[in-house]
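Visitor: Sharing a structure, written as structure tokens. Questions coming.
Okay, here's the thing in structure tokens:
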């Protein structure tokens, strides 16, 4: 379906990748893995025809079509949501018009003529292409995709310019899925999706009829979907069979094999060199010495790439808080006529590790701001426990950084004395390495600013952490670093996140927010929560139609 041959690309003196060769088969699910900046997104843009490589070529099957979803930056305007997404079928409408034109032309031609035969061949080709699309199901298909991605029925007639950036990307994703290209290129498709939408997308992609090339920091999605992994490693790209977890184990095993082979080779070379040195001066051994020298010259040295350093990061040791960390009663929040939070009762005990989840717009971020004390509720009470110190990260913190400072100066201003000695190491964990620490904040990208804001916040001593989407701009290695640090943290935390694999090993309770309802507790990790939700959906769809165990929306599971 697609062949990539000897592709190379450079940015200035830096080689992103060279001599890249691989093929994509029909219905294959291919993950692109590697650190930020390795060239994964660039490769997708080249395949999509948006950028060119320095060397190499792409070979596509004759009828293959390519669809591409960038990470961000897609905006829509001038149409309603439904009308915009309906444009995914523009090519089908064009085919219908073409079919009608050929029919009219054939009506004017002699059936025995050469022109009629040519028109008949075109007619057959267009008809075959149209048969792939069942236009009678166009409206229900559009609704299925939009509802699956989290749009409610009343949103279908709203103008697209009324939607925020994250919802704009959902619109772009909906159009792409409905257009059904034979090769689907997805660059971080879950960045703007909540857990329910991610699960829906995962199932849709499982059943997708074309090939998929996927970049994602959502490990659960990669493990569920992908059948092969292209790993970007130090300017080279290597293919591994299997999903992301299998790739990690295979890469580790391959490295161990290479290290052992290199050790054996080094030992053999040393033995040969000792023999050469021993007999070099003896004329009777000259032929043997020369033979050994030539053998050594022909040896291809085994190269083992340096293992990516695992950077350790630990939170400043927090002061011990009281047993009850925070208690909130009857929390209500209105924005004008919009009722976001309805009578929320919430309590954290020392050592609690809580995930705040739910569909976008359900009130998670609003609740986290009230919990952190940076926003007041419309009504209700919030009481902090004894000696509670809060560190709060919101995605808006990136916009509040001082643009006149450098990266290093930004964290120096808030770090404790104990943390000052390891600032460079900490910044490295958040992908600011080498001279990057001297960059001015004003030249940083949105993702870099978010990472810097997170690093600055985490250097402050606190025994209650409130984190709103902390992994959005972190690569896999940085996510794992943060995950390990949270696992070792001795305080209390609440995390808003849609990243299932990140949350699963580090939370023990889940609070689900649902629009128009009281949030509901689930006492377990993310795996437990998702299993319970699946059971509830199955029970709700059962013929009896009874509710799950008769529990009210505010009940605990």
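Numbering (the working numbering), first residue to last: 81 to 637. Cβ coordinates follow ideal geometry from the N, Cα and C atoms, glycine included.
1. Does DSSP put residue 574 in a helix, in a strand, or in coil?
2. In this structure, does DSSP put residue 428 in helix, strand or coil?
3. Might you give, ordered along the chain, the residues of its own chain that have their beta carbon closer than 6 Å to the beta carbon of residue 522, omitting 5 neighbours on each side?
4. Considering only the beta carbon of each residue, do residue 203 and residue 172 sit closer than 8 Å?
5. Please name the residue, chosen from 303, 335, 551, that lies closest to residue 532 on a Cα-to-Cα basis.
6. Would you identify the three-state DSSP class for residue 382, choosing helix, strand or coil?
7. Please confirm whether any heavy atom of the ligand ADP lies closer than 7 Å to the CB of residue 462.
8. Specify whether the segment 220 to 237 and the segment 262 to 281 touch according to this definition: at least 3 beta carbon pairs, one from each stretch, less than 8 Å apart.
9. When the Cα of residue 320 is compared with those of 410, 113, 379, 93, which residue comes out closest?
10. Hey, would you say residue 149 sits closer than 8 Å to residue 252, going by beta carbons?
11. Tell me whether residue 193 sits in a helix, a strand or coil according to DSSP, three-state version.
12. Identify which residue in 473, 318, 335 has its Cα closest to the Cα of residue 386.
13. Who are the Cβ neighbours of residue 413 in its own chain at under 6 Å, not counting the five residues just before and after it?
14. Pull up the DSSP beta-bridge partners for residue 239, would you.
15. For residue 257, I'd like the list of residues in its chain whose CB is within less than 7 Å of its CB, leaving aside the five on either flank, ordered along the chain.
16. Kindly indicate which three-state DSSP category residue 559 falls into: helix, strand or coil?
17. Under 8 Å between the Cβ atoms of residue 573 and residue 591?
18. Taking its Cβ as the centre, do 16 or more other Cβ atoms sit within 10 Å of residue 190, making it buried, or is it exposed?
19. For the beta strand (DSSP E) containing residue 607, list its first residue and its last residue.
20. What is the DSSP secondary structure of residue 412, counted as helix, strand or coil?
21. By the three-class DSSP mapping on this structure, what secondary structure does residue 90 have?
22. For residue 166, name the three-state secondary structure that DSSP assigns.
Guide: Taking the coordinates as given:
1. On the chain shown, position 494 is the one that residue 574 refers to. Secondary structure at residue 574: strand, using DSSP grouped into helix, strand and coil.
2. Position 348 of the chain shown, counting from 1, holds the residue named residue 428. In the structure shown, residue 428 adopts extended strand secondary structure according to DSSP, grouped into three states.
3. Residue mapping note: residue 522 aligns to position 442 of the chain shown, counting from 1. The residues are 483.
4. Against the chain shown, residue 203 aligns to sequence position 123. Against the chain shown, residue 172 aligns to sequence position 92. When the beta-carbon positions are compared, residue 203 and residue 172 stay at least 8 Å from each other.
5. Walking along the chain shown from the start, residue 532 turns up at place 452. Just measuring C-alpha positions, the residue of 303, 335, 551 sitting nearest residue 532 is 551.
6. As a first step, residue 382 is located in the chain shown; it is residue number 302 there, counting from the start. Shown here, residue 382 sits in coil according to DSSP, grouped into three states, outside any helix or strand.
7. As for the ligand ADP, it is missing from this structure, which has no ligand bound.
8. With the rule of 3 Cβ pairs closer than 8 Å, the segment 220 to 237 counts as touching the segment 262 to 281.
9. What you label residue 320 is simply residue 240 of the chain shown in a count that begins at 1. Comparing Cα positions, the closest option is 113.
10. Taking the first residue of the chain shown as position 1, residue 149 is located at position 69. Taking the first residue of the chain shown as position 1, residue 252 is located at position 172. Going by C-beta atoms, residue 149 is nearer than 8 Å to residue 252.
11. Here residue 193 corresponds to residue number 113 of the chain shown, with the count starting at 1. DSSP places residue 193 in coil when its eight states are reduced to three.
12. On the chain shown, residue 386 is found 306 positions in, with the first residue counted as 1. Residue 386 has its Cα closest to that of 335, out of 473, 318, 335.
13. Along the chain shown, one-based indexing puts residue 413 at 333. The residues are 420, 421, 446, 457, 458.
14. Walking along the chain shown from the start, residue 239 turns up at place 159. Note: residue 239 sits in a beta bridge opposite 160.
15. In the chain shown, residue 257 corresponds to position 177, counting from 1. So the list reads 225, 284, once near-sequence residues are dropped.
16. Reading the chain shown from its first residue, position 479 is the one you call residue 559. Reduced to three states, the DSSP call for residue 559 is helix.
17. As a working note, residue 573 is residue 493 in the chain shown. As a working note, residue 591 is residue 511 in the chain shown. Their beta carbons are not under 8 Å apart, which means residue 573 does not touch residue 591 by this criterion.
18. Position 110 of the chain shown, counted from the first residue, corresponds to residue 190. The residue in question, residue 190, is exposed, as its Cβ has fewer than 16 Cβ neighbours within 10 Å.
19. As a first step, residue 607 is located in the chain shown; it is residue number 527 there, counting from the start. From DSSP, residue 607 is part of no beta strand (DSSP E) but of the alpha helix (DSSP H) over 606 to 620.
20. By 1-based counting over the chain shown, the position of residue 412 is 332. Residue state, collapsed to three classes: strand.
21. Indexing the chain shown from 1 puts residue 90 at position 10. Looking at residue 90 - three-state DSSP - the assignment turns out to be strand.
22. Reading the chain shown from its first residue, position 86 is the one you call residue 166. Helix at residue 166.
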